[in-house]
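Participant: Pasting in a structure now, in C-alpha cells, and then I'll have a few things to ask.
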Amino acid sequence: MLYFSKLRIIFISLICLFFILIASNNFLDSTKRFIDKKINLGLDLQGGSYLLLEIDNSPVIEQKLQNTSTLIRTYFKEKGIRIGNLNLTNDKIIFFVEEKFKQEVIDDFKDENSNINPYYPRFKSHQFDINDNGSSLELSFSNQGLVELKTSSQDQALEIVRRRIDEIGTNEPNILKRGNDRVLVELPGLDDPMRIKSLLGKTANLTFQFVSNDNQDSFGVEKLQHENGLDEDFVSKRIILSGDNLLDAQPRMNNQTNETVVTFTLDRVGAKRFGKASSSNIGRQLAIILDGKIISAPVIRDTIASGNGQISGGFTFQSATDLALLLRSGALPAPLNIIEERTVGPDLGQDSIDAGIIALVIGFILVIIFMFIKYKIFGLISNITLITNLIILLGILTLFEATLTLPGIAGIILTVGMAVDANVLIFERIKEELKNEKNNIIAFDSGYTRSRTAILDANITTLLAATILFFMGSGPIKGFSVTLGIGIFSTLFSVYFIARLFTAIYVSKNKDKEILI
Amino acid sequence: MIRFNRFYNQFNLMSFILIIISLTLLIFKGLNFGIDFKGGILIELRSSEDKIKVSSLRDNLSQMNLGDISVKKFGNDQDYLIKFENKDNKKKIVEEIKSNLDKSFGNNFDFRRVENVGPKVSAELLKAGIIAISASLAIMLIYIWIRFEWQFSLGAIIALFHDVIITLGLFSLLGLEINLSIIAAILTIVGYSMNDTVVIFDRVRENLRKYSDIKIFELTNISINETLSRTLITSITTLLALFSIFLFGGEILKGFSLAMIFGVILGTYSSIYIANTILVRLNVSQKTILKEEEKI
Chain A
1237 MLYFSKLRII FISLICLFFI LIASNNFLDS TKRFIDKKIN LGLDLQGGSY LLLEIDNSPV
1297 IEQKLQNTST LIRTYFKEKG IRIGNLNLTN DKIIFFVEEK FKQEVIDDFK DENSNINPYY
1357 PRFKSHQFDI NDNGSSLELS FSNQGLVELK TSSQDQALEI VRRRIDEIGT NEPNILKRGN
1417 DRVLVELPGL DDPMRIKSLL GKTANLTFQF VSNDNQDSFG VEKLQHENGL DEDFVSKRII
1477 LSGDNLLDAQ PRMNNQTNET VVTFTLDRVG AKRFGKASSS NIGRQLAIIL DGKIISAPVI
1537 RDTIASGNGQ ISGGFTFQSA TDLALLLRSG ALPAPLNIIE ERTVGPDLGQ DSIDAGIIAL
1597 VIGFILVIIF MFIKYKIFGL ISNITLITNL IILLGILTLF EATLTLPGIA GIILTVGMAV
1657 DANVLIFERI KEELKNEKNN IIAFDSGYTR SRTAILDANI TTLLAATILF FMGSGPIKGF
1717 SVTLGIGIFS TLFSVYFIAR LFTAIYVSKN KDKEILI
Chain B
268 MIRFNRFYNQ FNLMSFILII ISLTLLIFKG LNFGIDFKGG ILIELRSSED KIKVSSLRDN
328 LSQMNLGDIS VKKFGNDQDY LIKFENKDNK KKIVEEIKSN LDKSFGNNFD FRRVENVGPK
388 VSAELLKAGI IAISASLAIM LIYIWIRFEW QFSLGAIIAL FHDVIITLGL FSLLGLEINL
448 SIIAAILTIV GYSMNDTVVI FDRVRENLRK YSDIKIFELT NISINETLSR TLITSITTLL
508 ALFSIFLFGG EILKGFSLAM IFGVILGTYS SIYIANTILV RLNVSQKTIL KEEEKI
C-alpha cells in the first residue's frame, strides 16, 4: 500500500494540477480561464425568483368539448342521424340518438379511422371515450386524450411565457416543463419580481366585440365588467377581432389628449375584417376586452381601413408598456397560477455567500488546528489532503457547471468535517498495528489495508443518503446533495492518493524512528 | 479501557424513555411544520431603521386580516420574518402588504426574501420528504443486511430509528420549524449514524473472529474502546464544522445545523449504547458469523 511508482506520482500530480487550474476558473475573469466553465450560483445566492406555474386547463377542456359538440351535430346531420338533447356537464358531452342508430354512432366513435374521434396509434387510444348509459350516450376525454390536450397547452404556455420573459429582457432565464401541466421559471438577478408575476398571471386574451343595443341578458349577448370594476355593459358574443390578428403593439403618448395609449397594427386578415366591421357599424361602440374585462369601448366614427388602431383606458406609462408587451407576445392558452414562489433579493444572496464563506473558513481552520494538535506531522498531511480535497471538490463542481446553493455551501463545510474521518480511521488503525508490529513500514501498510472496509462503509452510507436527497430534493436541497456526494469522491481520492503519497514519503524517510504517529 | 458495558442497561432504559417521550410529543404536540409543508407565505424584511417594534409591525399586519400571522425578529434588530397561511389564496397579497407597510412606516422596508408555497405544492413536498426519509431508511436497511448478519442489521436499524425519532422529538419539544432543509439534515444524520455504527460493527465482527472465548458483553466493550478515538475525533471535527455553520452561516442555516448537531451527538451515542447492546441482547457469538460464512 505504500509503494508509489514514478509514473503514478506524475499522474497524481497532473490530476491535482488539472483540478487547481479548473477550480481557479471561478476566481479569474473570462479571458484568463483555462476552460470556459464556472460554478453557477443558485438563486438563493445570487438573488432571483423561482416560480412554479400551474396551467388551469379547465377552460381549454371546456372549449374543446364545446367545439366537439358542434362538430358532432353537423357530422351526424350529414349522415342523416339526428342528435338530440346535446349538452355539456361535468366535462362530458351527453346526447341522445334514436335506438336504431345507436350502434352506428358508437362504432363511428370507436373506429380507428374515425373522422370525429382522432385515434392515437402510438398509445392505442382514441381522444374520447364513448359510453352508453342506457338512455343517452356520454362522451368524455380518454386518459390519453387528456394528456394530449395538456401537453399541447403546456407547449403553448411555455412558448408564450418564454416570449414574455424575453421581452422583459432578464438575463439567462431558465424555463422548463414540469409534469404535464406545470411550467417552472427561474429568473436570476431580477429587479422587480412583482412585475414579472403580474405579467405571467395574465392570460392576455384580447377581443373586440360590439356593445349590444338591447340592454338585457339574451342569447348571443353577455354582461361584462369594466376594468375599473364599477361599470357594466352588455356586449355581443360575436368576436370581431382577437389578439391573434395583432402584428405589433407599442405604448405611445397621444399628443392631442396627452394620454398614454397602446397603438396596434393588425395583420392583413385582421385589417380587412376590422375595415368591414367598422364601415357598417359607424356610430356604435366597440368594446376592447382583455381577459373578460372591458378596457374601453370607443365609438366608431369612421371606417378604419389602415389596420392601425389605438387602445386608451387611463393607462400609466408602465401599464401601457406592460399591455403592449402582453399583446405582442400573445395570449396564453389557459390561465396560469403561481403555485410556488421563492424570491431572494440580491443583497440577501450576497449576505448568504459572505456568511457561508466565513463559516467555511472558520470551520476549516478549527478542523485544521484540531488535526494538527492531535496528530502533529500526520495532522499536517491530513490538512494538506483537506486543502487538495476542497480544490478537487471545487474543480469537479466547475467541470459539471454545478449550481452552488446555500445548503450546498453547508455540504462543503460538512465535507470538511467528515473528510478527516478517513484519515483518522487509517491513523488510528496504524497506531493499533504499531502495538504488535515493530516494523514501521509493515505497520503502516497493514493500517491502510485493514481500515479500508470501514472507510468504504462509512462513505457508501453517506453517498446513499446523498443520492436519495439528489433524486427527491428540489432546488437548494439538491445543491446540498451534490456537494455532499461529490465531496465523498474527492475525499476518497485525496486520502488514498495524496495523503498516502505523503505518508509513504515520510515513513520511508523515517522508517527507523521509534514513535512515528 | 473505559467500561462502557457497565452502563448498558441504564442507558438503554434512558433511550427507551426518551423514545417514548419523543413519540408522545410527536403524537400529541406534533411538529411545527414550516410553509414548505403547510403552505403559506414567508417574507423576510429589512428595515432601514431599527426602531420599529415587532409588536407595532404585528398590529399593523393583523389589521389586514391575514389570519394567523407570526412576526418575529430574524437574526438582528433590523430583520423581521413574517409568516402566514394565506388561507384565502389571495394572489396579490404580497403587493398589498408592501403598499400597506410603505404607507404606515414610510418606505422603510426592503423585501429581502419572499416564499409562497401553495397548498398543492406543500402537500407534494411533504409527501416527497416522507418518501425520501423512508427510502433512505430502507436503503440503509438493505445495505446493512447485505453487509452483515441479521443481528447486526437489527442493531444498526434500531440505532437509526432511535436517532431520527429523538431528533424529531426534540424539534417537537422546542417547537423548532420543520422545513425542507431539516429533511436534508435528517437524511444526513441517517448516513452519519449508520457510518458510525458500521465502523464499530466492523470491529466487533473482526474481534469475534479473533477471540472465540470472550463473551459478546466484553467483546463489544473492547471493540468500542478500540474504535473510540476515531469515533470521538470524527464527531469532534464534524461538530466543529457544524458549530461554525450554526454560529456564522447565517439565519437560514440555523435550523439545519442545529438538527445536524443533535443528530451527530445522538448518532455517536447510539452507535455505542444502542447498536452494541442489541448485539449483546441477541447473544451474538462467534458461531453467528461462522454460520453465515458457511452458508456462503
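Those sequence lines, one after another, are chains A and B.
Position 378 (the first sequence) corresponds to 1614 in my numbering; numbering is contiguous.
Position 266 (the second sequence) corresponds to 533 in my numbering; numbering is contiguous.
All C-beta atoms, glycine included, are put in the ideal place defined by N, C-alpha and C.
Return the residue from the list A:Pro-1424, A:Asn-1416 and A:Val-1419 that minimises the CA-CA distance to Thr-1406 (chain A).
Facilitator: To locate residue 1406 (chain A), count along the first sequence from 1; it is residue 170. Of the listed residues, the one whose Cα sits closest to Thr-1406 (chain A) is A:Pro-1424.
Participant: How about Phe-1716 (chain A): is its C-beta nearer than 8 Å to some C-beta of chain B?
Facilitator: Position 480 of the first sequence, counted from the first residue, corresponds to residue 1716 (chain A). So, interface residue.
Participant: Consider the Cβ of Phe-1706 (chain A): report whether some Cβ of chain B lies at a distance smaller than 8 Å.
Facilitator: Taking the first residue of the first sequence as 1, we reach residue 1706 (chain A) at position 470. Closer than 8 Å: no.
Participant: Helix, strand or coil, according to DSSP, for Pro-1354 (chain A) in the structure here?
Facilitator: One-based indexing of the first sequence puts residue 1354 (chain A) at position 118. The answer is coil: DSSP assigns Pro-1354 (chain A) none of H, G, I, E or B.
Participant: Can the beta-carbon of Leu-1635 (chain A) be found less than 8 Å from the beta-carbon of Lys-1268 (chain A)?
Facilitator: Counting from one through the first sequence, the residue named residue 1635 (chain A) turns up at place 399. Counting from one through the first sequence, the residue named residue 1268 (chain A) turns up at place 32. Result no, Cβ atoms of Leu-1635 (chain A) and Lys-1268 (chain A) do not sit closer than 8 Å.
Participant: Can you tell me whether DSSP reads Ser-1388 (chain A) as helix, strand or coil?
Facilitator: Position 152 of the first sequence, counting from 1, holds the residue named residue 1388 (chain A). If DSSP states are grouped into helix, strand and coil, Ser-1388 (chain A) belongs with the helices.
Participant: What in chain B is Cβ-close to Asp-1583 (chain A), meaning under 9 Å?
Facilitator: Your numbering for residue 1583 (chain A) matches position 347 in the first sequence. Here the neighbours are Arg-313, Asp-377 and Arg-379.
Participant: What does Ala-542 (chain B) reach in chain A if we use C-beta pairs closer than 7 Å?
Facilitator: As a position in the second sequence, residue 542 (chain B) is number 275, starting the count at 1. Within 7 Å Cβ-Cβ: nothing; Ala-542 (chain B) doesn't reach chain A, min ~13 Å.
Participant: What do you reckon, are the CB atoms on Ile-210 (chain B) and Ile-310 (chain B) nearer than 8 Å?
Facilitator: With chain B running from 268 to 563 in the structure shown, residue 210 (chain B) is simply not present.
Participant: Hey, would you say Gly-1581 (chain A) sits closer than 8 Å to Arg-379 (chain B), going by beta carbons?
Facilitator: Position 345 of the first sequence, counting from 1, holds the residue named residue 1581 (chain A). Position 112 of the second sequence, counting from 1, holds the residue named residue 379 (chain B). It is a contact, given that the beta carbons lie within the stated cut-off.
Participant: Going by Cα to Cα distance, which pick from B:Ile-500, B:Leu-475 and B:Gly-458 is closest to Ile-1696 (chain A)?
Facilitator: In the first sequence, the residue the question calls residue 1696 (chain A) occupies position 460. Comparing Cα positions, the closest option is B:Gly-458.
Participant: With a cut-off of 8 Å, does the C-beta of Ser-1731 (chain A) fall near any C-beta of chain B?
Facilitator: To locate residue 1731 (chain A), count along the first sequence from 1; it is residue 495. Just to set this straight, residue 1731 (chain A) is Val in the shown sequence, not Ser. It does not: the Cβ of Val-1731 (chain A) has no partner Cβ on chain B nearer than 8 Å.
Participant: Pick helix, strand or coil for Ile-450 (chain B), following the three-state DSSP scheme.
Facilitator: Position 183 of the second sequence, counted from the start, is the residue given in the question as residue 450 (chain B). Ile-450 (chain B) falls in the helix class under three-state DSSP.
Participant: Taking 8 Å as the cut-off, decide whether the C-beta atoms of Ala-423 (chain B) and Ile-411 (chain B) are in contact.
Facilitator: In the second sequence, residue 423 (chain B) corresponds to position 156, counting from 1. In the second sequence, residue 411 (chain B) corresponds to position 144, counting from 1. Cβ atoms of Ala-423 (chain B) and Ile-411 (chain B): closer than 8 Å.
Participant: When the Cα atoms are used, what is the spatial distance from Ile-1724 (chain A) to Asp-1657 (chain A)?
Facilitator: Against the first sequence, residue 1724 (chain A) aligns to sequence position 488. Against the first sequence, residue 1657 (chain A) aligns to sequence position 421. Going from the Cα of Ile-1724 (chain A) to the Cα of Asp-1657 (chain A) covers about 11 Å.
Participant: Return the Cβ separation of Gly-1566 (chain A) and Gly-1543 (chain A) in integer angstroms, given the expectation that the two are a contact with Cβ distance under 8 Å.
Facilitator: For the purposes of this step, residue 1566 (chain A) is identified with residue 330 of the first sequence, where counting begins at 1. For the purposes of this step, residue 1543 (chain A) is identified with residue 307 of the first sequence, where counting begins at 1. About 18 Å; that fails the 8 Å criterion.
Participant: Do Ile-1432 (chain A) and Ser-1285 (chain A) have their beta-carbon atoms positioned less than 8 Å apart in this structure?
Facilitator: One-based indexing of the first sequence puts residue 1285 (chain A) at position 49. One-based indexing of the first sequence puts residue 1432 (chain A) at position 196. Cβ distance < 8 Å, so Ser-1285 (chain A) and Ile-1432 (chain A) count as in contact.
Participant: Taking the C-alpha atoms as reference points, what is the distance between Leu-1195 (chain A) and Ile-1609 (chain A)?
Facilitator: The structure shown does not extend to residue 1195 (chain A), since chain A spans only 1237 to 1753, so no value can be given for it.
Participant: Quick one: does Ala-451 (chain B) have its CB under 8 Å from some CB of chain A?
Facilitator: Here residue 451 (chain B) refers to the residue found at position 184 of the second sequence. With 8 Å as the cut-off, Ala-451 (chain B) counts as an interface residue toward chain A.
Participant: Does Arg-325 (chain B) come out as helix, strand or coil in the three-state DSSP assignment?
Facilitator: Start at 1 with the first residue of the second sequence, and residue 325 (chain B) comes out as number 58. Three-state DSSP puts Arg-325 (chain B) in a helix.
Participant: Met-1430 (chain A) lies in the beta strand (DSSP E); which residues open and close that run?
Facilitator: Within the first sequence, the letter at position 194 stands for residue 1430 (chain A). Premise fails: Met-1430 (chain A) lies in the alpha helix (DSSP H), 1429-1436, not in any beta strand (DSSP E).
Participant: Run down chain A in chain order and give the residues with a C-beta less than 9 Å from the C-beta of Glu-493 (chain B).
Facilitator: As a first step, residue 493 (chain B) must be located in the second sequence, where it is residue number 226. Here the neighbours are Glu-1664 and Glu-1668.
Participant: What are the boundary residues of the alpha helix (DSSP H) that Gly-1506 (chain A) is part of?
Facilitator: Taking the first residue of the first sequence as position 1, residue 1506 (chain A) is located at position 270. Where Gly-1506 (chain A) is concerned, the enclosing alpha helix (DSSP H) stretches over 1504-1515.
Participant: CB-CB under 7 Å to Arg-1665 (chain A), same chain, minus the five flanking residues each way: which ones, in chain order?
Facilitator: Within the first sequence, numbered from 1, the residue matching residue 1665 (chain A) stands at position 429. Counting only Cβ-Cβ distances below 7 Å, and skipping sequence neighbours, we find Gly-1683, Arg-1686 and Ser-1687.
Participant: First and last residue of the beta strand (DSSP E) that includes Glu-1348 (chain A)?
Facilitator: Here residue 1348 (chain A) refers to the residue found at position 112 when the first sequence is read from its first residue. Where Glu-1348 (chain A) is concerned, there is no enclosing beta strand (DSSP E), given that its DSSP letter is neither H nor E.
Participant: If you run the structure through DSSP and keep just helix, strand and coil, what is Thr-1493 (chain A)?
Facilitator: Taking the first residue of the first sequence as position 1, residue 1493 (chain A) is located at position 257. Coil, per DSSP.
Participant: Anyone know if the C-beta pair for Ala-1735 (chain A) and Ser-1618 (chain A) falls short of 8 Å?
Facilitator: To locate residue 1735 (chain A), count along the first sequence from 1; it is residue 499. To locate residue 1618 (chain A), count along the first sequence from 1; it is residue 382. In this structure, Ser-1618 (chain A) lies closer than 8 Å to Ala-1735 (chain A) by Cβ.
Participant: Do Leu-1382 (chain A) and Ala-1485 (chain A) come within 8 Å of each other at the CB atom, strictly closer than that value?
Facilitator: The residue you call residue 1485 (chain A) lines up with position 249 of the first sequence. The residue you call residue 1382 (chain A) lines up with position 146 of the first sequence. Against a cut-off of 8 Å, the Cβ pair of Leu-1382 (chain A) and Ala-1485 (chain A) comes out as no contact.
Participant: Taking 8 Å as the cut-off, decide whether the C-beta atoms of Asn-1416 (chain A) and Gln-1390 (chain A) are in contact.
Facilitator: Residue mapping note: residue 1416 (chain A) aligns to position 180 of the first sequence, counting from 1. Residue mapping note: residue 1390 (chain A) aligns to position 154 of the first sequence, counting from 1. Yes, these two residues count as a Cβ contact at 8 Å.
Participant: Check whether the region 412-419 of chain B touches the region 366-385 of chain B, counting contact only when three or more Cβ pairs, one atom from each stretch, lie closer than 8 Å.
Facilitator: No, the region 412-419 of chain B does not touch the region 366-385 of chain B.
Participant: For the alpha helix (DSSP H) containing Phe-515 (chain B), name the first residue and the last one.
Facilitator: Numbered from 1 along the second sequence, position 248 holds the residue referred to as residue 515 (chain B). Counting along the chain, the alpha helix (DSSP H) containing Phe-515 (chain B) begins and ends at 483-515.
Participant: Tell me the DSSP secondary structure of Gln-1363 (chain A) in three-state form.
Facilitator: Within the first sequence, numbered from 1, the residue matching residue 1363 (chain A) stands at position 127. In this structure, Gln-1363 (chain A) counts as coil in the three-state DSSP scheme.
Participant: So within the region 1535-1592 of chain A, which uninterrupted alpha helix (DSSP H) runs reach at least 4 residues, ignoring any that extend past its ends?
Facilitator: List check, alpha helix (DSSP H) in window: 1553-1565.
Participant: Going by DSSP, what residue range makes up the beta strand (DSSP E) through Pro-1424 (chain A)?
Facilitator: The sequence position of residue 1424 (chain A) within the first sequence is 188, counting from 1. Per DSSP, Pro-1424 (chain A) belongs to the beta strand (DSSP E) from 1418-1424.
Participant: Roughly how far, in whole angstroms, is the beta-carbon of Leu-312 (chain B) from the beta-carbon of Tyr-275 (chain B), given that I think they are within contact range, below 8 Å?
Facilitator: Working through the second sequence from its first residue, we reach residue 312 (chain B) at position 45. Working through the second sequence from its first residue, we reach residue 275 (chain B) at position 8. About 52 Å separates the two Cβ atoms, so there is no contact after all.
Participant: Against chain A, which members of the region 517-547 of chain B pass a CB distance test of less than 8 Å?
Facilitator: Going along the region 517-547 of chain B in chain order, one finds Gly-517, Ile-519, Leu-520, Phe-523, Ser-524 and Met-527 with a Cβ nearer than 8 Å to chain A.
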